[in-house]
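For reference, the structure discussed in these notes is given below.
Residue numbers (mature numbering (1 follows the signal peptide of the UniProt record, and there is no 0)): -19 to -1, 1 to 181.
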């Protein structure tokens, strides 16, 4: 599992290493300039705005799904993981909101359609079926989040958002590693569990 994480890190490294703080690509026509070619502080490009929208939606989903999992699972390791997702993503969302407010980037409300569908599917499951489905969703979401963070580091204009992405990327990769490890552990337990303990 750790080898897979290192592969992701190495794949993202060139992007992060070559990235500069404040990328003028994709600036909106109404961008205020400090001087020619240098945007004023808290100016955003299209990449910044899309990044904030997607990361906020994903963070809210992590919180909702984490609360759902903490309430439904009887597995202590999974409950601990779910509670950590709630805590870490609450903190990250608050930090992101502060940066977005300064840059006047509007935040989405509630869950996006894809995450609403995932929640609906998860609510129908119980036991090992729920636990494994939740962790599979976590793996996919954290892979996407890692890609989004790397994209912002390389393509963003707002320096504060780029720093946010740089700070959060290692944590997201750690979450991904935890989700994969826990999924493998629970999948092994479910495989050898008596049929009476398996979800219907």
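For every residue, glycine included, the Cβ atom is placed at its ideal position computed from N, Cα and C.
| Item | Value |
| --- | --- |
| 8 Å Cβ cutoff, residue 112 in contact with chain B | The structure shown has no chain B; it contains just one protein chain. |
| C-alpha distance - residue 166 paired with residue 38, whole-angstrom precision | 29 Å |
| Own chain partners of residue 126 with C-beta closer than 6 Å, once the 5 adjacent residues on each side are dropped | 39 and 153 |
| Those runs of the alpha helix (DSSP H) which lie wholly inside the region 46 to 107 and span at least 4 residues | 57 to 83 and 94 to 104 |
| Cα-Cα separation, residue 129 to residue 158 | 17 Å |
| Proximal residues to residue 42 (C-beta, below 8 Å), its chain only, five neighbours per side dropped | 92, 93, 96, 99, 100 and 122 |
| Rounded straight-line distance, which links the Cα of residue 164 to that of residue -7 | Note that residue -7 scores a pLDDT of 44, beneath 50, so its modelled location is shaky; the value from the coordinates is reported in the next line. Straight-line Cα distance between these residues: approximately 26 Å. |
| Range of the contiguous alpha helix (DSSP H) that encloses residue 155 | 140 to 173 |
| Own chain, CB closer than 7 Å to residue 149, minus 5 neighbours either side, in chain order | 73 and 130 |
| Proximity below 8 Å, CB of residue 134 to CB of residue 77 | no |
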